[in-house]
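For the sequence shown, the positions run 1361 to 1578 when my numbering is used. Note that the Cβ used here is the ideal one computed from N, Cα and C, for glycine as well. The next block holds one structure in the form of structure tokens; read it before the comments.
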Amino acid sequence: MNIIDSYFEILHMADKDEILNLLEKAARTCYKSEDQIAQGSAEQLLKRLLKTGHESVIEHISITVRLICDRGITHEIVRHRLCSFSQESTRYANYSKDKFGNEITVIRPFFFKTGSKKYKLWEESMRSCENAYLKLLEQGATAQEARSVLPNSLKTDIVVTANIREWIHIFKLRCSKASHPQMRQSMLPLLDHFHKKIPVLFNSVHDKFAKDIQEFSG
């Protein structure tokens, strides 16, 4: 059994200038002020629009991310309607095969201290699930039949595409302390990454969770 921590990969994200220039062109269409486009004008315009709540314009840019997390988290993330999802399928992925290392991979629950009684109990449960899964396959079960014993901690890849307005909505919900700890483990670093790339679009939501991001990183 392989135990890893969750992480993310950016699969598609235009550079800052391309994003801001496109959004400015879209926004100025509303006011027919294209003649006012100049060096640095995009950022100033978008600041004003976001401050007044004119957020529809930021729907013109989408970002695609691969999240590597446990399946329990993906059960929650797919509830966001204005996204596109492509997820690793346990119907077709046979983890007894060489390309998977002949084992299942699970996401480490960071809230259990490694070596603690809780962690050991979790690890024993994961190994029990893996043993049952592999034995079912040995006895002729298909991957989609054997998956019935796989745990929520099973590592999965999910590709998520959403426009920037929807990403902000996701962060507002999934970075809060009311969210699952492992959801926050994925979303807080992702928010921080987006903010570093295009701060003007994520300043507000980043400011809201700045202490959480710092606490999580430290």
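Rounded to the nearest whole angstrom, the CA to CA distance from residue 1467 to residue 1406 is 39 Å. Contact check for residue 1415 against residue 1525 passes: the beta carbons are separated by less than 8 Å.
With fewer than 16 other Cβ atoms from the protein chains shown falling within 10 Å of its own Cβ, residue 1390 counts as exposed. Distances from the alpha-carbon of residue 1555 to those of 1520, 1528, 1436 and 1481 put 1528 closest. Taking a 10 Å sphere around the C-beta of residue 1538, we find fewer than 16 other C-beta atoms and assign the residue as exposed. The beta carbons of residue 1430 and residue 1514 sit closer together than 8 Å. Relative to residue 1491, the option among 1387, 1444 and 1465 whose CA is nearest is 1465. Cβ atoms of residue 1428 and residue 1517 come within 8 Å of each other, at about 6 Å. In the three-state reduction of the DSSP assignment, residue 1466 falls in the strand class, which pools E and B. Scanning its chain for C-beta atoms nearer than 8 Å, with the 5 sequence neighbours on each side dropped, one finds around residue 1376 the residues 1557 and 1558, in chain order. In this structure, 1497 is the residue among 1475, 1479, 1497 and 1443 with its C-alpha nearest to the C-alpha of residue 1450. Here residue 1567 is exposed: its Cβ has fewer than 16 other Cβ atoms, across all protein chains shown, within 10 Å.
Straight through space, the alpha carbons of residue 1424 and residue 1520 are spaced by roughly 6 Å.
With a minimum length of 3 residues, the unbroken runs of beta strand (DSSP E) contained wholly in the segment 1443-1490 fall at 1443-1447 and 1465-1467. Contact check for residue 1560 and residue 1403: beta-carbon distance about 5 Å, within the 8 Å limit, so the pair qualifies.
By the 16-neighbour rule on beta-carbons within 10 angstroms, residue 1483 is buried.
For the pair residue 1367 and residue 1546, the Cα-to-Cα distance works out to about 7 Å. Only residues of its own chain outside the window of five on either side were considered, and among them 1548 and 1552 have a CB closer than 6 Å to the CB of residue 1573, listed in chain order. Between residue 1512 and residue 1418 the beta-carbon gap is near 33 Å, outside 8 Å, which marks them as no contact. Taking the Cα positions, residue 1478 is about 21 Å away from residue 1576.
In this structure residue 1379 is buried. Its beta-carbon is surrounded by 16 or more other beta-carbon atoms within 10 angstroms.
Annotation for residue 1407: no beta strand (DSSP E) segment contains it, though the alpha helix (DSSP H) segment containing it runs 1401-1411. Of the other Cβ atoms in all chains shown, 16 or more fall within 10 Å of the Cβ of residue 1434; this residue is therefore buried.
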